[in-house]
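Residue numbering for the sequence shown follows the working numbering, starting at 2 and increasing by one per position.
By construction, the Cβ of each residue, glycine as well, lies at the ideal position given by its N, Cα and C atoms.
Model, not experiment: these values are computed from the prediction.
Report on the structure given below.
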Amino acid sequence: MVSQDQTVTHRPVRNGEIDVSGNTSRRTLLVGLDAATWAVAEPLVAAGELPNLTSLVDEGTSGELRSTTPPMTPLAWTTMASGANPGKHGIYDFVTQDRADYSIRPTSYSRMARPTVWDVFDAEDVSVGVVNYPMVSPPHEVDEFFISGFPTPRDSRLAYPDAVQDYLDEVDYRVHPAVEPGDGATVYYEDVLDLSETQCEVSIELLERYDPDVLVSVFMAIDWIQHYLWDETIEGENAVERCYRDMDAILGRLLDAVGDDWNVAVVSDHGARPIAGEVHLNSLLAEWGVLTRDSTDPSLAERIRDRLVTAVYSAGKRLPEPAKRRLRSLADESTLNEMREAAGLHQLDMHREVDWPETEAFAYGNMGRVFCNRSGLYPEGAVTNENYEAIRDDLIERFESLSHPETGEPLVQTVHRGETVYHGDRADEGADLVVVPHDWRYMLSGDFGESWFDPDPDRDADHDPNGLFVLAGDDVPSGTVDADIADVAPTLLALHGLPLIAGMDGSVLDEALVGEASADLPTVSVESLQTGESVRPEDAGNVEERLEDLGYL
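Written out as structure tokens, the structure is:
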């Protein structure tokens, strides 16, 4: 894949002719199905159970969409929108760290350092409507409308303009389920489906009101159902397969709403597969002796208290959502934080759990991100420039030799050095090592656990890098193509004959557009396009609740 750091760009083609000007007569629907995978969809397509997706596959171009490293919602959807790797856009996880004091907090979209496709649409007078795009909060001010997605803070502004926010309030629009898997598989499934159907209705209503040239709507249902109901049945049907069928019906409603003259893209940010356990990376690093927990020796009473608090806190996480809300209303935030810290299970309190001058490596966040406590970067860094590579070499060897404590099977497939997967002005904010689980069958969490390996995690399934890509319409030939997630943005811009953003890592998928090989499109500079705004500080606690409820903290 060619990096477009300077002038290596592409131009769309149509009927063998190079299209040199923006084509605002073209209209595009992009449907995001978070975590959708061909591993589930393909057998259902073959069985004729996904008629709307099947029609798009038959008419257009489809294939696998390779996700980011690691394959996770925050960086994947941001890469899809910007065409840039996390080393350029700066979004790596749901949480980020303040290196000045090691504290961890929810990621703010203000960290976004790259423009997106909707910035180009706005600059080129192509109207766009976006519904439920992850991580973008507050909503981006575009022509015509924008609705923020997960994990937008509770009770914060979801939509731009105000008229859309008023409409969302009228229809009781939500970005997160009102119940949890622990409330029962059927109850959870029906609530997720209700949320998704409301989002579909909102998308169609706003399409009719504002008539945008581009409509983007991202649905989280498949991701949530795969995480928690992989092996569950709903009325005799496998919950995951049923979810794909229900989402195909929603796709059909959107196709009917836009009509036959629209180009249509269906994309997912990553795939999923069932898992067989969870590794608590900080507990593992402590066992290896490269992370030291606070050496203060607690009294017997304190140890008993901490064990009781851990049990209560763990039980509380499994309570139904209404009970959780009731407890949160009764307990002040300082009490809840004390419980989390005593339990030693909350990532946002990790900086108080570690003896930093005695720690060489640590993890935080999700999906195998490991950091070295480097002097010069951290105030109590224990890793010098001279021993940095030796420590990384040792950690890589340890991880790649790690085996299941009971079966002896390997737990790790490979380990990437950060600089091999990230490049750009924000690459130094990425992990020093990214650990990839063996066959994507294990969660690798940046936290402490009661032991370093948990054979029975809260989730049934987790992410893998194999998403899906379908593009159909009058401007798209029939065929197959495997793409990188960074290719979606430049291809979408090329489809409309618009300039690409300078420095994009993705390439236009020529084989997904009608005509011969494409020539260069002009580029637009990063500086000339508007980027994101900051999440209000007072919303941070609500973001934490949403991330914790879904198992990201």
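- Where Asn283 is concerned, the enclosing alpha helix (DSSP H) starts and stops at 282 to 289.
- Closest by C-alpha distance to Leu282, out of Ala42, Tyr443, Thr492, is Tyr443.
- Here Ala473 carries a strand assignment [DSSP, helix/strand/coil].
- Measuring C-alpha to C-alpha distances from Arg155 to each of Asn467, Ile148, Arg175, Glu50 identifies Arg175 as the nearest.
- By the C-beta criterion, the stretch 48 to 60 is judged not to be in contact with the stretch 225 to 239, since fewer than 3 inter-stretch pairs fall below 8 Å.
- The residues Val268, Ser269, Gly468, Leu469, Phe470, Ala484, Ile486, in chain order, have a CB closer than 7 Å to that of Leu66 in the same chain once the five nearest residues on each side in sequence are set aside.
- Residue state for Ile92 is assigned as coil, using DSSP reduced to three classes.
- As computed with DSSP, Gly480 is found in a beta bridge with Thr62.
- Contact annotation: Pro438 and Gly382 have beta-carbon atoms that are not nearer than 9 Å.
- Contact check for Pro500 against Val121 passes: the beta carbons are separated by less than 9 Å.
- A Cβ-Cβ separation of about 17 Å leaves Tyr134 out of contact with Trp225 under the 8 Å criterion.
- In the DSSP assignment, Tyr134 falls within the beta strand (DSSP E) that extends over 129 to 134.
- Rounded to the nearest whole angstrom, the C-alpha separation of Ala186 and Val41 is 19 Å.
- If one requires a minimum length of 3 residues, no beta strand (DSSP E) run lies completely within the stretch 236 to 267.
- In this structure, the alpha-carbon of Asn388 lies about 15 Å from that of Pro358.
- With fewer than 16 other Cβ atoms inside 10 Å of its own Cβ, Asn386 counts as exposed.
- Taking one beta carbon from each stretch, the stretch 456 to 468 and the stretch 139 to 154 have fewer than 3 pairs nearer than 8 Å; the two do not touch.
- Inter-residue distance for Gly474 and Glu512 is about 14 Å (C-alpha atoms, whole angstroms).
- Beta-bridge annotation (DSSP): Asp485 is paired with Arg67.
- The three-state reading of DSSP puts His439 in helix, counting H, G and I together.
- One Cα belongs to Ala179, the other to Leu285, and the distance between them is close to 35 Å.
- Residue Asp214 holds the alpha-carbon nearest to the alpha-carbon of Asp262 among Ala287, Asp214, Ala250, Trp289.
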